[in-house]
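J.: Structure below; questions to follow.
Set out below in structure tokens:
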């Protein structure tokens, strides 16, 4: 590798790391607005909350930590529940923010839970992800910055979107009977 190409590559990696660290770094007084939902999935209104910070390494399984805090990905078809279609809410495994409703879930045949829309647009954040030379859109939890998965434009109507989420980033809560 030529020195010039190496330095350009190295400086690009440094810029990526710096922006990633700045984007992931939050101060304790960071405020965000999310839509809160009741246990039966009914919206309870917008609230402004402090970002949630935690001792994630001790709270989460090693795989959930690697996925949510280090932007990893679980293997397709590896986690039970990717094909669940019971009525309920999908909440963030880290902070319990309501993210998706089972009524927007569909079988994408990818081995990951897929949804055609989030429960509330305020509850997820979409971030450009150009890692590994691919142009993708990362989906994060607005409340705690957890990496959830990616959104693609090959989903069903009415949105045409496929929110392809990591199962270990979500906690399914069945609606009360």
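In the numbering used here, the protein residues as written are 2 to 178. Glycine is no exception: its CB is placed at the ideal position from the N, C-alpha and C atoms. It should be emphasised that the depicted structure is a prediction, and the values quoted were computed from it without experimental measurement.
For residue 177, which residues in the same chain have their Cβ closer than 8 Å to its Cβ, ignoring the five residues on either side in sequence?
T.: If we look at residue 177 and ignore the five residues flanking it on each side, its Cβ neighbours are 40, 41.
J.: In angstroms with no decimal places, state the Cα-to-Cα distance between residue 81 and residue 33.
T.: If you take the alpha carbons of residue 81 and residue 33, they lie about 32 Å apart.
J.: Tell whether a beta-carbon distance below 8 Å holds between residue 164 and residue 103.
T.: For residue 164 and residue 103, no; Cβs fall outside 8 Å.
J.: Using a Cβ distance threshold of 8 Å, determine whether the stretch 55 to 65 contacts the stretch 109 to 123, with at least three qualifying pairs required.
T.: No: fewer than three Cβ pairs fall under 8 Å.
J.: In the DSSP assignment, what residue or residues form a beta bridge with residue 142?
T.: Residue 142 is bridged to 125.
J.: With a threshold of 16 other CB atoms inside 10 Å of the CB of residue 75, please say whether the residue is buried or exposed.
T.: So residue 75 ends up on the buried side.
J.: Report yes if the C-beta distance between residue 120 and residue 52 is below 8 Å; otherwise report no.
T.: Contact: no.
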